[in-house]
Amino acid sequence: MDERKSDDTPTTRRTPPGHSGDTRTPPDPAPSSTGRRTRSRLDREILALAVPALGALVAEPLFVLVDSAVVGHLGTAQLAGLSLASTLLVTLVGLCVFLAYATTAAVARRIGAGHTREALQSGVDGLWLAVGLGVLLAAALWATAPWAVGAMGGTGEVAEHAVVYLRWSALGLPGMLLVLASTGVLRGMQDTKTPLWVAAGGATFNAVLNVVLVYGAGLGIAGSGIGTAVAQLTMGAVLVVVVVRGARRHGASLRPAAGGIWSNARAGAPLFVRTLSLRLAILLTVFVATGLGEVTLAGYQVVNSVWGLAAFALDALAIAAQALVGYGLGADDVPRVRAVLRRTLQWGVAAGAAIGLVMAAGGWWFAPLFTSDPDVRAAVAVGMAVCGLLMPMAGWVFVLDGVLIGAGDGRFLAWAGMLTLVVYVPFALAVRHWAPDGAAGLAWLWLAFAGVFMAARAVTTGLRARGSAWMVTGTA
């Protein structure tokens, strides 16, 4: 039975995200004026979610950046150990991003349907899953730290420092996974501002703790790991308090429920596979760059850093799409979902084109900021040009990914992710076998990744979005 009343009933109408709540009926404008006003309202909703989400995304890498700046003054071996350990930690946390994505979709859908208590109940179950998984991963990483560092090629003094940092930082994993799950709940409730403030505060707190513990207390690299763990646990605690307050206000139970936790795990499993396929593609790309030679690998590092920064902007639009699509499907408002799909795609392509133009045109000017080697500069300039030309397609892919995640279409994304990886592998290996070192090799590598791999993702997600199989309305 549909519990929602007509949208024409002012006393019961649910206010869509970004609206003021004024339900008075305005005079009928001209059709073209109506279309412009609808787009303008939708644009405000998209930006109200995307801009704070972008800020939170940018704040997250500051943890590693601050740790690097502080530890770097301890010595080269300590900095190398930090680099090795942080790579493991970032990869592990990245694979757990399903805690945010699956929760966003589930909560947004229930909020759209007017089932706030059920939405927050699902969010609480997600928090229990996050803390349980975080404790298990922290314990496993503490126990296996020497083996993990050795598997990454760490030896001698570098390995010793890596193990120390890895073990102390691992204690913050429960907090970091709680941050992911709590952020998913809040995004689903159309709130991306709270995670932004917590992320900014956490980054600042981490910087202070690092300086105090590393130098003030004389703990060295262990102090950096401890500071990071404490900051992450604090962030997780703050966000949990926000979610718990909302849950209590709406009558949701705070007790762990096996059924709810298992439901969250099942919803997240396909998204884990989807994320794993992306990580494997990135690792394969690094493997190819390494095989092509020193110049190509150095150039790849620079271009990939810029690509990653650009991805934050596109990912912020994807996050907005997740929340708005989930809300619209929960509200059984298919026309609105279609409008969100169209408009976010337009934003994604436009943002990709703007970013791409800067990358393509500015490669020759950006390269000297990163290296004085003329061969690496040339490789960076060419690589940036290739990425810039393909960035509009990346914007399309990121947004479609967000739309389908918001729709809860994780199973399709898992299969599509593995398929696109299979398509990419032979092209990547061909580049490793035949491409030369230097600018030409880097150009071919980015054509394979930003071209072939992204094109495969664009085709699979684009064909899916054209149909209606992903548009399952209600809370089922």
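The opening residue of the sequence shown carries number 112 in our numbering; numbering runs sequentially from there.
Even for Gly, the Cβ is constructed at its ideal location relative to N, Cα and C.
**Report entry** Residue environment, Gly499, which counts as buried when at least 16 other CB atoms sit within 10 Å
**Finding:** Counting the other Cβ atoms within 10 Å of the Cβ of Gly499 gives 16 or more, which makes it buried.
Just the Cα atoms here: how many angstroms apart are Gly552 and Gly517? Roughly 37 Å between the two C-alpha positions.
Per-residue burial, Leu350 [other beta carbons within 10 Å of its own, 16 or more giving buried]: Counting the other Cβ atoms within 10 Å of the Cβ of Leu350 gives 16 or more, which makes it buried.
task: Indicate the three-state DSSP secondary structure (helix, strand or coil) for Asp154 in the structure shown.
output: Looking at Asp154 - three-state DSSP - the assignment turns out to be helix.
- Query: Would Trp258 be called buried (16 or more neighbouring beta carbons within 10 Å of its own) or exposed?
  - Reply: Trp258 is exposed by the Cβ-count criterion.
field: Residue environment, Ser233, which counts as buried when at least 16 other CB atoms sit within 10 Å
entry: It counts as buried.
DSSP three-state assignment for Cys207, whether helix, strand or coil: Collapsing the DSSP output to three states places Cys207 in coil.
Item checked: Touching by the beta-carbon criterion (3+ pairs, under 8 Å), the stretch 255 to 274 and the stretch 187 to 197 -> The way I'd put it, the stretch 255 to 274 does touch the stretch 187 to 197; three or more beta-carbon pairs between them come closer than 8 Å.
N- and C-terminal bounds of the alpha helix (DSSP H) containing Pro446:
Annotation: the continuous alpha helix (DSSP H) that includes Pro446 extends over Val445 to Phe481.
* Is Thr202 buried or exposed, if buried means 16 or more other CB atoms sit within 10 Å of its CB? -> So Thr202 counts as exposed.
- Task: State the start and end residues of the unbroken alpha helix (DSSP H) segment that holds Ala554.
- Result: The continuous alpha helix (DSSP H) containing Ala554 extends over residues Ala550 to Trp557.
Three-state secondary structure assigned by DSSP to His184: Here His184 sits in coil by DSSP.
Ile589 and Trp239 closer than 8 Å at C-beta: Any property of residue 589 remains undetermined from this structure, which presents the chain solely from 112 to 587.
Would a C-beta distance cut-off of 8 Å place Gly549 and Gly494 closer than the cut-off?
A distance of 8 Å or more separates the beta carbons of Gly549 and Gly494.
- What three-state label does DSSP hand Val583 in the structure shown? Looking at Val583 - three-state DSSP - the assignment turns out to be coil, as it is neither helix nor strand.
Can you tell me which of Asp444, Leu199, Ala213 and Ala219 puts its alpha carbon nearest to the alpha carbon of Arg385? When each option's Cα is compared against that of Arg385, the closest is Ala213.
Could you give the DSSP three-state label for Thr266: helix, strand or coil?
Coil at Thr266, not helix or strand.
### Query
How about the stretch 507 to 524 and the stretch 483 to 491: do they share at least three Cβ pairs that are nearer than 8 Å?
Result no; under three Cβ-Cβ pairs closer than 8 Å.
Where Lys304 and Ala292 are concerned, what is the direct C-alpha to C-alpha distance, given to the nearest angstrom?
When rounded, the distance between both Cα atoms is 15 Å.
Classify Asp119: buried if its beta carbon has 16 or more other beta carbons within 10 angstroms, exposed otherwise. The pLDDT assigned to Asp119 is 38, lower than 50, so where the model puts this residue is not dependable, and the model offers no usable value.
#### Entry: Assigned exposure category for Trp476 - 16 Cβ within 10 Å defines buried
Under this definition Trp476 is an exposed residue.
**Message:** Short of 6 Å in beta carbon distance, which residues of its chain neighbour Phe383, apart from the five on each side in sequence? Order them along the chain.
**Reply:** Correct list, in chain order: Phe209.
Residue range of the unbroken alpha helix (DSSP H) whose run includes Arg360: Here the alpha helix (DSSP H) through Arg360 covers Ile332 to Arg360.
With 16 other Cβ atoms within 10 Å as the buried cut-off, status of Gly362: It is exposed - the Cβ of Gly362 has fewer than 16 other Cβ atoms within 10 Å.
Open item on the list: Quick check on Ser579: buried or exposed, where buried means 16 or more other Cβ atoms within 10 Å of its Cβ?
Closed with: The residue in question, Ser579, is exposed, as its Cβ has fewer than 16 Cβ neighbours within 10 Å.
* Which residue comes first and which comes last in the alpha helix (DSSP H) that contains Gly499? -> For Gly499, the enclosing alpha helix (DSSP H) stretches over residues Pro485 to Gly517.
- Query: Below 8 Å between beta carbons: does that hold for Gly295 and Ala211?
  - Reply: The criterion of a C-beta distance shorter than 8 Å is satisfied by Gly295 and Ala211.
Checklist entry - The alpha helix (DSSP H) spanning Ser364 covers which residue range? => result That residue, Ser364, is in no alpha helix (DSSP H); it is neither H nor E in DSSP.
Just confirm the distance between the C-beta atoms of Leu403 and Ala541, as a whole number of angstroms; I'd bet it's less than 8 Å. About 12 Å separates the two Cβ atoms, so there is no contact after all.
Review point. So, is Gly245 buried or exposed, given that buried needs 16 or more other C-beta atoms within 10 angstroms?
Key: Classification for Gly245: buried.
To the nearest angstrom, how far is the alpha carbon of Ser197 from that of Arg150? Whole-angstrom Cα-Cα distance: 42 Å.
Practice problem: Starting from the Cα of Asp484, find the closest Cα among Thr407, Val451 and Leu515 and give me that residue. | Solution: When the alpha-carbon of Asp484 is set against those of Thr407, Val451 and Leu515, the nearest one is in Thr407.
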